[in-house]
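Heads up: the structure comes next, in structure tokens.
In mature numbering (1 follows the signal peptide of the UniProt record, and there is no 0), the protein residues as written are -20 to -1, 1 to 165.
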């Protein structure tokens, strides 16, 4: 018993403390990253717009289509929720993927933001739906002050040649697409 009392006394008398500093959750390192690309190892800056994530408990919340007589598909429910919650139009959303977990019956729907029919590579959203209720959603959508033209400045062959020159890599015939990329302010 005596060793236990001594141990408790030592633990009680040992100074302890915590050093803490205020932390700003919107620091640059949470949205900005750098990657080394290609044989030349050029540094590419990657920007991920600030994101939002909300959960609504096990019972979830209604989506705009939940008052209808017929049950909405998870895709339609998620899309209407994003339109309402984020104030985007139907043509500003593109569904990328979705699936239903057969065990939990939770449907996860994934979207990208688009402008002028062109998707934004780094503006994404996801919505979890179960039993016609939204359980959670997350998004990194943007509200740009201006949008680049939908017409590229130069043909894709020139873009491929420029990328090969900069990185030292060789194009592998992977399909090339046109996307917007949200930049930092």
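Heads up, the beta-carbon is just placed ideally off N, CA and C, and yes, glycines get one too.
In this text the structure is predicted, and so the values were computed from the model without any measurement.
- Beta bridge pairing from DSSP links residue 87 with 80, 109.
- Straight-line measurement puts the Cα of residue 164 at about 14 Å from the Cα of residue 14.
- Look at the beta carbons and you see the segment 129 to 141 not touching the segment 102 to 116: under three pairs across the two are nearer than 8 Å.
- With a contact defined as Cβ atoms closer than 8 Å, residue 159 and residue 99 qualify at about 5 Å.
- Separation of residue 103 and residue 78 (C-alpha to C-alpha, rounded to the nearest whole angstrom) is 17 Å.
- Rounded to whole angstroms, the gap between the alpha carbons of residue 28 and residue 161 is 9 Å.
- If you compare the alpha carbons of 89, 65, 151 with that of residue 80, the shortest gap goes to 89.
- Taken through DSSP and simplified to helix, strand or coil, residue 115 comes out as strand.
- Residue burial is scored here from C-beta neighbours: residue 153 has fewer than 16 other C-beta atoms within 10 angstroms and is therefore classed as exposed.
- Taken atom to atom, the span from the alpha-carbon of residue 131 to that of residue 94 is near 15 Å.
- For residue 24, the enclosing beta strand (DSSP E) starts and ends at 22 to 27.
- Assigned with DSSP and collapsed to three states, residue 16 falls in strand.
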